[in-house]
Amino acid sequence: MWGCGGLSRAARALVGPRGRSSGAGPPGRRLGAVAGDHYGPAFQRGPGGFSENYSWKMQLTSNSTRSAMKRLYSTSHTTVDSKEMNKFRLLAHRWWDEQGEYSTLHSLNDIRVPFIRDTLLNMSSDHQLGSPLSGVKILDVGCGGGLLSEPLGRLGASVTGIDPLEDNIRTAEQHKSFDPVLAKRIQYKPCSLEDIVEEATETFDVIVASEVVEHVADLEMFIKFCYQVLKPEGSLFITTINKTQLSYILGIVVAERIMGIVPEGTHDWEKFISPEELECLLDSNGFLVKTVNGMSYNPLSGSWSWTESTSINYAVHAMKCRVKEQSSSREPPSETDKEEHPAKASASTTV
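Under the numbering used here, the very last position in the sequence shown is 410; numbers go up by exactly one each time.
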C-alpha cells in the first residue's frame, strides 16, 4: 500500500504564496498609482473644464479602485500554491498516459467514481437509466487533465472542471474533443476556486476535490469557499492522504525516493491531514461528515481497494448543512423563554 493518491492532482497551484498580492509594488502604492493616473488629466484638460472632468474622473477612479480592491481580495485569499504549480507544469501533457506519472490516478477511478456515483444515487431515487447523474451539477476542483471529470460526465452529470494551470486545461479540452457527448456535458475553466466564488454562490450540487487538499495553500479557506458555492445539502467529496509515520515512509520515502512510482517532490508531508483534523475543519465550517473510508494501493497489481484503515489514503463524503447561517444568526433563548415555553425552547436548541 502506498500513499501516492495525491500525485496527479498536485497541479493545483497558482499564484504566489498565501497573503501576497499580484501586481507590481505593494498594495498601497499600486492603488495610489491608479488614483494618480486619473486625477492628473482631470486638472489639466477636457472641454467641460475642471468641475465636469473632476467629477467624471472621480467616478472613474472609484471604479478603478474597486476593481483593484477586488483583485487584491482575490489574490490575498488564494488557496493555490505557486510551488505546487511549478512542480507539475512540465507534466501537463502526461495526464492521459495510463502507464506514466499519473497511472495511480487512472486506477483510482475504479473506486472513486463508483463511490461518488453510488453515494449520490443512495441520496435520491430520481435518476435516469443509463445517465444516473443526469441533472447533477458537479464542480471538479483541480481537475487536471480531466481524468475524473470525463467519467462523471459520461454518467450524465453537468461537470465544470477547474484548474489554475492553463496547460492542464488545454490537455483536458483536447481529450474531451474526442467524445462529442462530453462536449455538451463538461466545461473547463483555467481558474481557482476563489474565482468561482466571485462568479456565483450556491451554484453546484456536488464538489469533488480528489487529491487536492494536500496541495492547497490554505485548507480552511478552501473549505469555506466550497461551502459558499455548494447548494444547501450539497455534497463534498474529498480523497487525500493521512498524516502518519506510515504515510511518510510509504508515500514519500518508498514511493517517491526508492521506487519512483511518484515523481520525487510530489508531496509535502507537513501538508497532509488526518481524518480527525479534516472532519473538525469541515464541521466548524458548516459541513456534516457522513462517510470516511480508508483506501489502499497495491503497487504490484496497480489497483486500489477500500479498507478499514485510514492510515495512508482515505475518502470523505460531507454534506453542507442547511442550518449553519440560521443557527449562527439566531439568539439563544432566554431563561424566561425556557420557563414559559419549555417545549419551544428545547426545539430551538436542537440541531
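Every residue gets a Cβ at the ideal spot worked out from N, C-alpha and C, and that includes glycine. Remember, it's a predicted structure, so these values are computed and weren't measured experimentally.
Just verifying my parser: in three-state terms, what is the DSSP assignment at residue i?
{"i": "residue 331", "result": "coil"}
{"i": "residue 291", "result": "strand"}
{"i": "residue 371", "result": "coil"}
{"i": "residue 217", "result": "strand"}
{"i": "residue 387", "result": "Because the pLDDT of residue 387 is 40, which lies under 50, any placement of that residue in the model is unreliable, and the question is left without a value."}
{"i": "residue 240", "result": "helix"}
{"i": "residue 276", "result": "coil"}
{"i": "residue 184", "result": "coil"}
{"i": "residue 306", "result": "helix"}
{"i": "residue 208", "result": "helix"}
{"i": "residue 193", "result": "coil"}
{"i": "residue 338", "result": "helix"}
{"i": "residue 138", "result": "coil"}
{"i": "residue 144", "result": "helix"}
Is it the case that the Cβ atoms of residue i and residue j are separated by a distance below 7 Å?
{"i": "residue 249", "j": "residue 225", "result": "yes"}
{"i": "residue 363", "j": "residue 206", "result": "no"}
{"i": "residue 271", "j": "residue 278", "result": "no"}
{"i": "residue 238", "j": "residue 218", "result": "no"}
{"i": "residue 288", "j": "residue 267", "result": "no"}
{"i": "residue 294", "j": "residue 378", "result": "yes"}
{"i": "residue 160", "j": "residue 150", "result": "yes"}
{"i": "residue 290", "j": "residue 258", "result": "no"}
{"i": "residue 302", "j": "residue 333", "result": "yes"}
{"i": "residue 264", "j": "residue 196", "result": "yes"}
{"i": "residue 331", "j": "residue 300", "result": "yes"}
{"i": "residue 203", "j": "residue 155", "result": "no"}
{"i": "residue 365", "j": "residue 352", "result": "yes"}
So the alpha helix (DSSP H) residue i belongs to, where does it begin and stop?
{"i": "residue 230", "result": "225-235"}
{"i": "residue 252", "result": "252-258"}
Where does the unbroken beta strand (DSSP E) through residue i begin, and where does it stop?
{"i": "residue 197", "result": "196-200"}
{"i": "residue 172", "result": "Unbroken run through residue 172 is the alpha helix (DSSP H), 162-181; no beta strand (DSSP E)."}
{"i": "residue 353", "result": "346-357"}
{"i": "residue 264", "result": "263-269"}
Name the DSSP beta bridge partners of residue i, please?
{"i": "residue 286", "result": "DSSP lists no partner for residue 286."}
{"i": "residue 362", "result": "357"}
{"i": "residue 245", "result": "218"}
{"i": "residue 152", "result": "None, per the DSSP bridge assignment."}
{"i": "residue 379", "result": "346"}
{"i": "residue 296", "result": "267 and 376"}
Cutting at 6 Å between CB atoms, please list the residues of its own chain near residue i, excluding the five before and the five after it.
{"i": "residue 252", "result": "138, 200 and 284"}
{"i": "residue 246", "result": "219"}
{"i": "residue 175", "result": "296"}
{"i": "residue 192", "result": "214, 215 and 216"}
{"i": "residue 212", "result": "218, 241, 244 and 245"}
{"i": "residue 338", "result": "348"}
{"i": "residue 228", "result": "222, 247 and 249"}
{"i": "residue 178", "result": "376"}
{"i": "residue 170", "result": "363"}
{"i": "residue 275", "result": "138 and 281"}
{"i": "residue 361", "result": "166"}
{"i": "residue 104", "result": "Any reading at residue 104 must be qualified, since the residue scores a pLDDT of 35, below 50, and its modelled position is unreliable; the value itself is stated next. Closer than 6 Å at Cβ, skipping near neighbours: no residue."}
Report all residues from its chain with a CB closer than 7 Å to the CB of residue i; omit the five preceding and five following residues, and keep chain order.
{"i": "residue 282", "result": "340, 341 and 344"}
{"i": "residue 232", "result": "247"}
{"i": "residue 381", "result": "291 and 292"}
{"i": "residue 367", "result": "353"}
Closer than 6 Å to a non-hydrogen atom of the ligand FAD - does that hold for the CB of residue i?
{"i": "residue 273", "result": "Only the bare structure without any ligand can be found here, which leaves the ligand FAD out of the picture."}
Once the 5 residues before and after residue i are set aside, which same chain residues still bring their CB inside 8 Å of it?
{"i": "residue 4", "result": "Within the shown structure, residues of the chain are numbered from 60 to 410, placing residue 4 beyond reach of any answer."}
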